[in-house]
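Engineer: Before anything else, here's the structure in question.
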Amino acid sequence: MIPTNGYHDLRRFFTGLTEYTFETQVGIVDPTLIDYISNLLLRFTHYDEIYRVRNLFGRPLLQVSDMLQEAEVRPVPTNREIHRHIGDFTLFWSGLYPEALKRMQAASRKDAVLNYPELGKRAYRIASTIDPPEPLAPPHDAENEILERLSHDFDLCIYGLNALRREWERRDTPPGPLGGV
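In this note's numbering, the protein residues as written are -5 to 175.
Next up, the structure:
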């Protein structure tokens, strides 16, 4: 018997679910975009990845407004990664857990006046225009292209992640008289 590896099982789950949902329910047949989103879901299973952007003192930044401020003071390669993360962060929360936005954007928080989808689109667009550091230079065209696509199709990706969550929850519902089928 081959031992199961939870990470690879989770990767297969997210890849399959993203591919199925985006292709059959949303109509997006784009392997690069689907891979990016399934990798985003896998990365964000770790709390440290969701709040990866840290200030100069090493404290995680919990609000997008703080991430934007940090992007302004960082050098360009780091700035690119912060903008990319802002896009990922806003896409994740807007698409998978939109009900959490009420808490994240409560009147008492700095993010109260921010429009996450608009900021996500803008952040991906900015990240797509900044070339990565030299060691990553050869594939940067493809990387910039996917970031530009995410900026352009942000609302559609939110819709896709909403559908993905519904599909995920549908699959979690046990069969039988009290469950789904």
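Just so it is clear, CB atoms sit at the ideal spot from N, CA and C, and this is done for glycine as well. This one's a predicted model, so the numbers in the text were calculated from it and none came from an experiment.
Contact defined as beta carbons within less than 8 Å: I believe Ser251 pairs with Lys115. What is the distance between those atoms, to the nearest angstrom?
Structural biologist: No answer is possible for residue 251: the residues shown for the chain start at -5 and end at 175.
Engineer: Unbroken alpha helix (DSSP H) runs of length 4 or more, entirely within the stretch 56 to 95: which are they?
Structural biologist: Qualifying alpha helix (DSSP H) stretches, in chain order: 58 to 67, 70 to 90.
Engineer: In chain order, what residues of the same chain have a beta carbon less than 8 Å from the beta carbon of Trp162, not counting five sequence neighbours either side?
Structural biologist: Excluding positions up to five away in sequence, the list reads Leu11.
Engineer: With Ile44 as the anchor, note down where its alpha helix (DSSP H) starts and where it stops.
Structural biologist: Here the alpha helix (DSSP H) through Ile44 covers 41 to 44.
Engineer: Tell me whether Arg81 is buried or exposed, calling it buried when 16 or more other Cβ atoms sit within 10 Å of its Cβ.
Structural biologist: Reading off the sequence shown, one finds Gly at residue 81, where the question assumed Arg. Buried: at least 16 other Cβ atoms inside 10 Å.
Engineer: What distance in whole Å lies between the Cβ atoms of Phe16 and Leu36, which are believed to be in contact at a cut-off of 8 Å?
Structural biologist: With 8 Å as the limit, Leu36 and Phe16 do not qualify as a contact, their Cβ atoms being about 15 Å apart.
Engineer: Let's see if you can read the secondary structure: which residues bound the alpha helix (DSSP H) around Pro111?
Structural biologist: From DSSP, the alpha helix (DSSP H) with Pro111 extends over 110 to 123.
Engineer: For a test of the three-state rule: what should DSSP assign to Pro25, helix, strand or coil?
Structural biologist: DSSP places Pro25 in helix when its eight states are reduced to three.
Engineer: For Leu50 and Gln19, what's the separation of their Cα atoms in angstroms?
Structural biologist: Those two C-alpha atoms are separated by around 42 Å.
Engineer: Go to Leu4, then tell me how far its alpha helix (DSSP H) extends in each direction, as first and last residue.
Structural biologist: Where Leu4 is concerned, the enclosing alpha helix (DSSP H) stretches over 0 to 14.
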